[in-house]
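Worksheet for the structure shown next.
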Amino acid sequence: MASHVYFDFFGTLVDYDPSIHPADYNAPYEFALRAGLPLSSERTDALWSRAWTELDDRAWETGRECSMLEIATRYRELLGSPRVGEGEIDRLIAEYLEVWTSDVRAADGALDCLADLAEDHRLAIVSNTHHIPLVPDLAKAFGMTDHVRDIITSVEVGWRKPDPRIYTHVLERHGITAAGAVFVGDNWTADVEGPRRAGLAAFYVGAPAEGRVPVSLAELPALVRELG
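In case it helps, UniProt numbering puts the sequence shown at residues 1 to 228.
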């Protein structure tokens, strides 16, 4: 019987907008203004996108996660490395994440699913993310930490899903083998194929597609227990 259930976070336990350009406040543009650069928001958006694309593409190729600090620092380089005040990079990151997370919401049925499975399983979140405090802070805000015993992030471990090293790290951290764990997520590559290659059972909760039949969070507890 599986003793541990590992959940992806974004798109699984919470609903969110994956766009890197939140509409309510343009933190990269405001950063450029404070640096004295007469650039349009269209130009700063393009440079912000380039910083993300460069580092995120490299992370997918190598399995090595990139951090918000690396992304923000690369953005500053693309701006021409302007002189900025102390703490300005941290301010950019904080302002950007504040607006990016403003529309994140707990997914329908997420809390009920966690509460149910926590009765006889150890639950953990295993998430790809670029900022260590982001997922723990959101999980706590939504009441998920009442049921989840551990939160592991790719930026903390250094490897992102579906690199096998992040699954190995999690299993070793909890002192179990792959046979004792189940993975749940909405990304077929990172949350289903990756865990299965590492020997874990996996359930898909993403959008339906050819060869990909999702289950709902409401159905999940019974399906996990049926594994024996």
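Ideal Cβ placement from N, Cα and C applies to all residues, glycine included.
One or two residues paired with residue i in a DSSP bridge
i	result
A207	None; A207 has no bridge partner.
L123	V5, V148
T153	S127
Residue i - containing beta strand (DSSP E), residue span
i	result
G185	181–185
Three-state secondary structure assigned by DSSP to residue i
i	result
T177	coil
A107	coil
F142	coil
residue 230	Since the first residue shown for the chain is 1 and the last is 228, residue 230 is missing from the structure and cannot be characterised.
A218	coil
A118	coil
A202	strand
D191	helix
V14	strand
R212	strand
Top-ranked residue by Cα proximity to residue i, from the options
i	options	result
V213	V182, S67, F203	F203
Y96	A115, A59, Y25	Y25
R34	L79, I20, V184, C66	L79
P133	M144, L117, I152	I152
K140	A106, L171, P164	A106
I93	C113, S67, D103, A118	S67
T129	T101, G228, H147	T101
S81	A124, G175, G194, G36	G36
P22	E98, L69, E61	E98
K161	A181, N187, D150, V148	N187
A218	V157, F9, L114	L114
V104	A72, F142, H131	F142
residue 236	V148, W159, R149	This structure cannot speak to residue 236, because the chain is shown only from 1 to 228.
For residue i, the first and last residue of its enclosing alpha helix (DSSP H)
i	result
A23	A23 -> no alpha helix (DSSP H), and no H or E assigned at all.
D57	41–62
E95	88–100
R83	It is not in any alpha helix (DSSP H) - R83 carries neither H nor E in the DSSP assignment.
CB contact check: residue i to chain C, cutoff 8 Å
i	result
V135	Absent from the structure is chain C; it holds one protein chain and no more.
Rounded straight-line distance, which links the Cα of residue j to that of residue i
i	j	result
D116	H4	13 Å
E86	S49	24 Å
D137	Y16	15 Å
A201	V84	49 Å
Y75	H121	43 Å
D108	V184	15 Å
E210	T189	14 Å
A46	T53	10 Å
T177	L223	20 Å
A110	L13	5 Å
A181	R91	39 Å
L123	R225	14 Å
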